[in-house]
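S.K.: Sharing a structure, written as structure tokens. Questions coming.
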Amino acid sequence: MNRTVAAIPAVRKREAEAQAAAPAPKRLTSAGTAGRRPRKRIREDKLVSDGDLISKLPDDILGTIISLLPTKDGARTQAIARRWRPLWRSAPLNLHASYHLCSKQFKRLSVVSRILSDHPGPARRFVFRLVRLHKAKKRHAEEAAQIENWFHSRALRNLKELDISFDLLDYVHEKLYPLPSSVFCLAPTLLVALISFCEFPKEITHSLSFPLLKQLILRRVSICQDVFHGVLSACHLLESLELKEIRDTNCLRISSATLRSVSLCACFAAKGELFIEDAPLLERLLLPCPREGGEIIRIIQAPKLEILGLLSPRISKIEIANVVFQSLTPTSLNNTIATVKVLALEFPVPDLNAVIDVLRCFPCLEKLHVIWEKYLKIGTKNARQYDPLDPVKGLDTHLKKLVLKNYEGSEQDVGFAKFFILNAKVLKELKFGVSHRINKQWVADQYRLLEMENRASQGAQLEFIQNDDVSSLDAHDLSTADPF
Numbered sequence: 178m179n180r181t182v183a184a185i186p187a188v189r190k191r192e193a194e195a196q197a198a199a200p201a202p203k204r205l206t207s208a209g210t211a212g213r214r215p216r217k218r219i220r221e222d223k224l225v226s227d228g229d230l231i232s233k234l235p236d237d238i239l240g241t242i243i244s245l246l247p248t249k250d251g252a253r254t255q256a257i258a259r260r261w262r263p264l265w266r267s268a269p270l271n272l273h274a275s276y277h278l279c280s281k282q283f284k285r286l287s288v289v290s291r292i293l294s295d296h297p298g299p300a301r302r303f304v305f306r307l308v309r310l311h312k313a314k315k316r317h318a319e320e321a322a323q324i325e326n327w328f329h330s331r332a333l334r335n336l337k338e339l340d341i342s343f344d345l346l347d348y349v350h351e352k353l354y355p356l357p358s359s360v361f362c363l364a365p366t367l368l369v370a371l372i373s374f375c376e377f378p379k380e381i382t383h384s385l386s387f388p389l390l391k392q393l394i395l396r397r398v399s400i401c402q403d404v405f406h407g408v409l410s411a412c413h414l415l416e417s418l419e420l421k422e423i424r425d426t427n428c429l430r431i432s433s434a435t436l437r438s439v440s441l442c443a444c445f446a447a448k449g450e451l452f453i454e455d456a457p458l459l460e461r462l463l464l465p466c467p468r469e470g471g472e473i474i475r476i477i478q479a480p481k482l483e484i485l486g487l488l489s490p491r492i493s494k495i496e497i498a499n500v501v502f503q504s505l506t507p508t509s510l511n512n513t514i515a516t517v518k519v520l521a522l523e524f525p526v527p528d529l530n531a532v533i534d535v536l537r538c539f540p541c542l543e544k545l546h547v548i549w550e551k552y553l554k555i556g557t558k559n560a561r562q563y564d565p566l567d568p569v570k571g572l573d574t575h576l577k578k579l580v581l582k583n584y585e586g587s588e589q590d591v592g593f594a595k596f597f598i599l600n601a602k603v604l605k606e607l608k609f610g611v612s613h614r615i616n617k618q619w620v621a622d623q624y625r626l627l628e629m630e631n632r633a634s635q636g637a638q639l640e641f642i643q644n645d646d647v648s649s650l651d652a653h654d655l656s657t658a659d660p661f
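Read left to right, the sequence shown gives residues 178 to 661 (the working numbering).
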């Protein structure tokens, strides 16, 4: 054993001498791997095998990557390596206080408070839906103070997007949580604000200003007319406004030099009247789910209005300049609206006479959407019988697209669609949203029944799709030419 150990140095010495005596390896020509340094190659191979090339990226890029991750995953990046530890705190914060952040509802408040305390900012987005507080007085007061402090925190100082809603304080009487006054501290930098299920203060400061806000969404909030006017007047760049189930007021007035889109989804919790008094840039008035028999809408000044709907018999009265509809029946056909290019209508059945009456008020219409809602209890009244000797202006020159939703292929459905196929001379596209399964034989039968061989526009094409595939309304994407 000792002899073997003693022999090892001698063997190593002879190997070293042999390597020293051996000729140096020849460099390979340029056709091979000339000029490559083995050591550098080894280092590169090791770097690739480590799989951590991402850590070599600059801090600002890594910070952007972290800001796009869910809050919990972004915080976890601190455990990757020492290089990553300061990055989460310096990356722009996107805080989404969802179930995934913390499954326990009440503990979520303290988790959010800790994140806002630890993170120096800036923050891009803060989302907390259905904030719930304890009912016990002491705990409730402590948590309310916690929430008030959130919006004073350094982390939210330059917030761009806010999405917050609160749980009801009293389910029996539907008592709303008071909106923390500190929320208005975020006003100088906000671009988007979605506020739901809360009660606005009865008064706001005259110095309130939202200089950058472009999108405002108020859902199921209690707000008086004066405060609503004050908030709207404080928005100097507002482009999109959505109102849903506004409480404790029966009248709202909108005047804005910058608004391009207004969406009213069952605007009032009860009956109410909405005035759009002066909106020189308003292009879209969207009414996705009108409340039955409870709303009156008056548009006094909107000279650029191009997209309108869903007009429905549910709306008691709608006035657009000097055109008046009572439950979707025009009171007169002497006045028209030439600016509207896209229109969506809702009827309980395929009532061709009622639709034609409405179309006479929009002579420059290019796209028409008609939804047949069989559960709709209110229908149109006193629709005039269509007279072929009194054609509809626009069918010959403007209408290019027709969409029929909840089409079943019944005799009444076919008669409605066939009218446009035989009379719309520039029609290019007729899309059917079908409520049942579609097969080739059914489609072939529809082509025959609709008399496509006699169509007025030779370029007209039919498309049958499942209702689920019909795109849903997008209230805030102003880049879409047709939001329906």
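Every residue gets a Cβ at the ideal spot worked out from N, C-alpha and C, and that includes glycine. All of these numbers come straight from a predicted model, not from anything done at the bench.
Going by DSSP in three states, residue 476 sits in which element: helix, strand or coil?
M.R.: Reduced to three states, the DSSP call for residue 476 is strand.
S.K.: Any idea what DSSP makes of residue 298, helix, strand or coil?
M.R.: In the structure shown, residue 298 sits in coil (DSSP, three-state: anything other than H, G, I, E or B).
S.K.: Comparing C-alpha positions only, which one of 405, 363 and 377 sits nearest to residue 428?
M.R.: Checked all of 405, 363 and 377; the closest Cα to residue 428 is 405.
S.K.: On the three-pair Cβ rule with 8 Å, is the stretch 584-591 touching the stretch 562-571?
M.R.: No contact exists between the stretch 584-591 and the stretch 562-571.
S.K.: Counting pairs of Cβ atoms below 8 Å between the stretch 633-641 and the stretch 601-614, do you hit three or more?
M.R.: Cβ pair count under 8 Å is three or more, so yes.
S.K.: CA-CA distance, residue 439 and residue 273?
M.R.: Cα to Cα, residue 439 sits roughly 27 Å from residue 273.
S.K.: Which same chain residues end up closer than 6 Å to residue 508 when comparing Cβ atoms and leaving out the 5 residues on each side of it in sequence?
M.R.: 501.
S.K.: Do the CB positions of residue 340 and residue 385 come within less than 7 Å of each other?
M.R.: Not a contact, by the Cβ cut-off of 7 Å.
S.K.: Kindly indicate which residue of 291, 304 and 519 has the alpha-carbon position closest to the one of residue 271.
M.R.: That would be 304, whose Cα lies nearest to the Cα of residue 271.
S.K.: So what does DSSP say about residue 225, is it helix, strand or coil?
M.R.: Residue confidence for residue 225 is low, a pLDDT of 43 falling below 50, so the modelled location carries little weight; the figure read from the coordinates is stated next. Helix, per DSSP.
S.K.: Give the secondary structure of residue 369 by DSSP, where H, G and I count as helix, E and B as strand, and everything else as coil.
M.R.: Note: residue 369 maps to strand in three-state DSSP.
S.K.: Residue 570 by DSSP, collapsed to three states: which one?
M.R.: Coil at residue 570, not helix or strand.
S.K.: Do you know how far the Cα of residue 521 is from the Cα of residue 542?
M.R.: Roughly 11 Å separates the two Cα atoms.
S.K.: With DSSP as the reference, identify every bridge partner of residue 548, one or two as the case may be.
M.R.: Paired residue(s): 523 and 582.
S.K.: Measuring alpha carbon to alpha carbon, tell me which of 425, 544 and 661 ends up nearest residue 571.
M.R.: It is 544 whose Cα lies nearest to the Cα of residue 571.
S.K.: Going by DSSP, what residues sit across from residue 308 in a beta bridge?
M.R.: Its beta-bridge partners are 343.
S.K.: Under a Cβ-count criterion, where at least 16 other Cβ atoms within 10 Å of its own Cβ denotes burial, should residue 590 be classed as buried or exposed?
M.R.: Counting Cβ neighbours within 10 Å, residue 590 comes out buried, since at least 16 surround it.
S.K.: Note down, in chain order, each residue of its chain lying with its Cβ closer than 7 Å to the Cβ of residue 527, except the 5 sequence neighbours on either side.
M.R.: Hits under 7 Å: 549, 589, 590 and 593.
S.K.: Report buried or exposed for residue 619, applying the criterion of at least 16 other Cβ atoms within 10 angstroms of its Cβ.
M.R.: Classification of residue 619: exposed, given that the 10 Å Cβ count is below 16.
S.K.: Can you tell me the Cα-Cα spacing of residue 347 and residue 295, whole angstroms?
M.R.: Each residue's alpha carbon lies about 33 Å from the other.
S.K.: I believe residue 376 touches residue 345 by the beta-carbon criterion, under 8 Å. Please report the beta-carbon distance rounded to the nearest angstrom.
M.R.: Not quite, the Cβ-Cβ distance comes to about 11 Å (not below 8 Å), so this is no contact.
S.K.: Tell me which residue opens and which closes the beta strand (DSSP E) that residue 486 is part of.
M.R.: Residue 486 -> beta strand (DSSP E) spans 484-488.
S.K.: For residue 396, which residues in the same chain have their Cβ closer than 6 Å to its Cβ, ignoring the five residues on either side in sequence?
M.R.: Hits under 6 Å: 373 and 421.
S.K.: Classify residue 283 as buried or exposed, calling it buried when 16 or more other Cβ atoms lie within 10 Å of its own Cβ.
M.R.: Exposed is the call here.
S.K.: Roughly how many angstroms lie between the CA atoms of residue 506 and residue 656, to the nearest whole one?
M.R.: Cα-Cα distance, rounded: 31 Å.
S.K.: Using the beta-carbon count (16 or more within 10 Å), is residue 185 buried or exposed?
M.R.: Unreliable positioning characterises residue 185 in this predicted model, as indicated by a pLDDT of 38, which lies under 50. A coordinate reading is not provided.
S.K.: State yes or no: is the C-beta of residue 264 within less than 7 Å of the C-beta of residue 243?
M.R.: Against a cut-off of 7 Å, the Cβ pair of residue 243 and residue 264 comes out as a contact.
S.K.: Just how far apart, CA to CA, sit residue 253 and residue 413?
M.R.: Rounded to the nearest angstrom, the two C-alpha atoms are 39 Å apart.
S.K.: Quick check on DSSP: helix, strand or coil for residue 206?
M.R.: Per-residue confidence for residue 206 stands at a pLDDT of 46, beneath the threshold of 50, marking its modelled position as unreliable; the derived number appears in the next sentence. Correct three-state label for residue 206: coil.
S.K.: What does a CB cutoff of less than 6 Å around residue 485 pick up in its chain, not counting 5 residues either side in sequence?
M.R.: Once the five neighbours on either side are set aside, the close Cβ partners of residue 485 are 462, 517 and 520.
S.K.: Using CA atoms only, rank isn't needed, just tell me which of 512, 539, 546 and 540 is closest to residue 524.
M.R.: Ranking the options by Cα distance to residue 524, first place goes to 546.
S.K.: Compute the Euclidean distance between the alpha carbons of residue 260 and residue 251, then round it to the nearest angstrom.
M.R.: Whole-angstrom Cα-Cα distance: 14 Å.
S.K.: Quick one: Cα of residue 430 to Cα of residue 399, how far?
M.R.: C-alpha separation (whole angstroms): 15 Å.
S.K.: Taking the alpha carbon of residue 466 as the reference point, which residue from 479, 492, 455 and 450 has its own alpha carbon closest?
M.R.: Here the closest residue by C-alpha is 492.
S.K.: If we call anything under 7 Å between Cβ atoms a contact, is residue 432 one with residue 454?
M.R.: Contact flag set, yes.
S.K.: DSSP state of residue 271, grouped into three classes?
M.R.: DSSP places residue 271 in strand when its eight states are reduced to three.
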